[in-house]
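Q:
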Amino acid sequence: MTSHPRLRPALTSLPAYVPGARPRGYEVKLSSNENPFPPSAAVVEAVARAAEEVHRYPDMTALPLRLALANELGVEADQLVAGNGSVAVLSHVLAAVCEAGDEVVMPWRSFEAYPIAAVVAGARPVQVPLTSEHRHDIAGLLAAITDRTRAVLVCSPNNPTGTVVSEAELAELLAGVPREVLVVLDEAYRDFAQVDGPVADGVELLRRHPNLLVLRTFSKAYALAGLRVGYAVAGRHLAAAVQATATPFGVNALGQAAALAALGEGERRRRQVTQIVAERERVVAELRSHGWHIGDSRANFFWFAAADHPPQLVTARCAAAGVLVRAFPEGVRVSVGQRTDNDRLLSGLGRWSGEK
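Here UniProt numbering is used: the first residue of the sequence shown is 1, the next is one more, and so on.
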């Protein structure tokens with residue numbers, strides 16, 4: 001007889017989500033892909049006003065926010081589901097389509113919440129390795145689909161490598177996935193990819209692909225990571241199913257108010273995103289000129305592949321300079337900060353001389 005409640009056996013193999021560490025002992029944090037700019041005065045004021053009424057429940061489905069997003073995106077409000085960050089929304093999505101023993105196909109390395117969300121939904125994560133260029137292997141993803149596959153996840157730009165899935169690749173994937181299998185396109189970093197040129201628009205593709213669902217977030221370009229607001233866009237039937245699994249009052253009052261205010265500041269957001277992308281290009285060019293091998297990124301971060309640079313060496317150099325970055329077995333991801341933070345990174349990394 002055990003002395004504790006019986007738990008799901010699957011939890012023993014549940015991968016742990018490792019967040020970007022807190023900068024204790026570090027002066028610069030470039031580990032969590034956060035927007036380096038603080039929220040605007042308008043957003044802060046909206047949060048302060050909402051705080052005066054936190055004794056009241058917020059709108060249960062964030063309808064005012066969904067209406068504003070619908071107007072922004074050219075869809076209907078009942079095609080949108082808001083939640084406590086896009087990770088929570090993904091969990092609701094998989095809960096709507098998966099049963100015990102089902103499979104969720106995903107690229108790997110990609111966002112580390114994906115396999116966790118799959119296991120929690122009762123499914124088995126099927127991880128398809130990235131190509132040697134750190135891109136999605138479209139043929140590999142399609143080949144991994146079985147009669148137990150319920151969803152295929154796509155991350156563009158991919159976290160943590162920064163590579164995008166081209167429009168042609170996405171078209172190939174959507175054409176090859178059976179109509180009864182859901183395709184989830186995570187566009188958390190799409191705002192940054194747009195600066196460099198054309199990029200696939202998941203919301204536009206929804207009109208032709210009823211088995212597609214798009215995830216977006218207010219955590220990155222909108223600078224609201226601490227308030228946890230994300231959403232899904234899908235066809236009405238699919239959105240209704242996801243809403244049925246969603247946590248009631250899943251977006252708190254402060255998050256709803258902040259997101260509404262941030263939506264109204266499109267010009268400010270675009271200016272900041274352009275500045276972040278310009279900083280990324282400056283830093284990457286400087287690193288390459290000093291011998292570092294950095295892949296092309298279209299996000300607000302860039303990637304040191306372990307095949308080129310030992311992760312422990314990269315993180316050690318950064319740590320010695322007081323800069324916190326994010327290490328994975330496959331490499332090191334570095335977020336783009338403000339110019340002074342990025343200069344600190346460049347100073348700490350110095351020149352690459354082929355050390356192993």
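Cβ coordinates follow ideal geometry from the N, Cα and C atoms, glycine included.
In this text the structure is predicted, and so the values were computed from the model without any measurement.
(1) Following the continuous beta strand (DSSP E) through residue 206, name the residue where it begins and the one where it ends.
(2) Name the residue from 210, 205, 342, 177 whose alpha carbon lies nearest to the alpha carbon of residue 147.
(3) Using DSSP's beta-bridge definition, name the partner residues of residue 318.
(4) By DSSP's criteria, residue 403 is part of a beta bridge. Which residues make up the other side?
(5) How is residue 214 classed by DSSP in three states: helix, strand or coil?
(6) Roughly how many angstroms lie between the CA atoms of residue 28 and residue 161, to the nearest whole one?
(7) What does DSSP give as the partner residues of residue 125 in its beta bridges?
(8) Taking the straight line between their C-alpha atoms, what separation do you get for residue 309 and residue 340?
(9) So, under 8 Å CB-CB, residue 379 and residue 260 are touching, yes? Tell me the CB distance rounded to an integer number of Å.
(10) What residues in its chain sit with their C-beta under 7 Å from that of residue 327, if we drop five residues either side in the sequence?
(11) Is the stretch 278-294 touching the stretch 198-207 in the sense that three or more CB pairs, one from each, lie closer than 8 Å?
(12) If the criterion is Cβ atoms closer than 8 Å, does the pair residue 116 and residue 15 meet it?
(13) Between which two residues does the alpha helix (DSSP H) carrying residue 95 extend?
(14) Does the distance from the C-beta atom of residue 331 to that of residue 306 stay below 8 Å?
(15) Note down, in chain order, each residue of its chain lying with its Cβ closer than 8 Å to the Cβ of residue 347, except the 5 sequence neighbours on either side.
(16) Which residue marks the beginning of the alpha helix (DSSP H) containing residue 270, and which one marks its end?
(17) In the DSSP assignment, the alpha helix (DSSP H) including residue 361 goes from what residue to what residue?
(18) I'd like the list of long-range same chain contacts for residue 49, defined as Cβ closer than 6 Å, with 5 residues on each side in sequence excluded.
(19) Assuming residue 231 contacts residue 69 under a Cβ cut-off of 8 Å, what Cβ separation, rounded to an integer in Å, is found between them?
(20) Could you pull out every residue in the same chain whose Cβ sits closer than 6 Å to the Cβ of residue 335, ignoring the five residues on either side in sequence?
(21) Between the C-alpha atoms of residue 120 and residue 25, what's the straight-line distance to the nearest angstrom?
(22) For a cutoff of 8 Å on Cβ pairs, would you count residue 108 as touching chain B?
(23) Residues bridged to residue 83 by DSSP?
(24) For residue 301, list the residues DSSP reports as bridge partners.
(25) So which of 190, 224, 225, 195 has the shortest CA-CA distance to residue 215?
A: Straight from the coordinates:
(1) Careful: residue 206 lies outside any beta strand (DSSP E), inside the alpha helix (DSSP H) at 202-206.
(2) Among 210, 205, 342, 177, the Cα nearest to that of residue 147 belongs to 177.
(3) For residue 318, which the question treats as bridged, DSSP gives no partner whatsoever.
(4) Since the first residue shown for the chain is 1 and the last is 356, residue 403 is missing from the structure and cannot be characterised.
(5) strand
(6) 21 Å
(7) 104
(8) When rounded, the distance between both Cα atoms is 24 Å.
(9) Beyond the ends of the chain as shown, which are 1 and 356, falls residue 379; an answer cannot be given.
(10) Within the same chain, residue 327 has close Cβ partners 311, 315.
(11) Touching, no.
(12) yes
(13) 86-97
(14) yes
(15) 321
(16) 266-289
(17) In the structure displayed, the chain extends from 1 to 356; residue 361 sits before or after that span and is not available.
(18) none
(19) 7 Å
(20) 30, 33, 301
(21) 34 Å
(22) Absent from the structure is chain B; it holds one protein chain and no more.
(23) 230.
(24) Residue pairing by DSSP puts residue 301 in a beta bridge opposite 335.
(25) That would be 190, whose Cα lies nearest to the Cα of residue 215.
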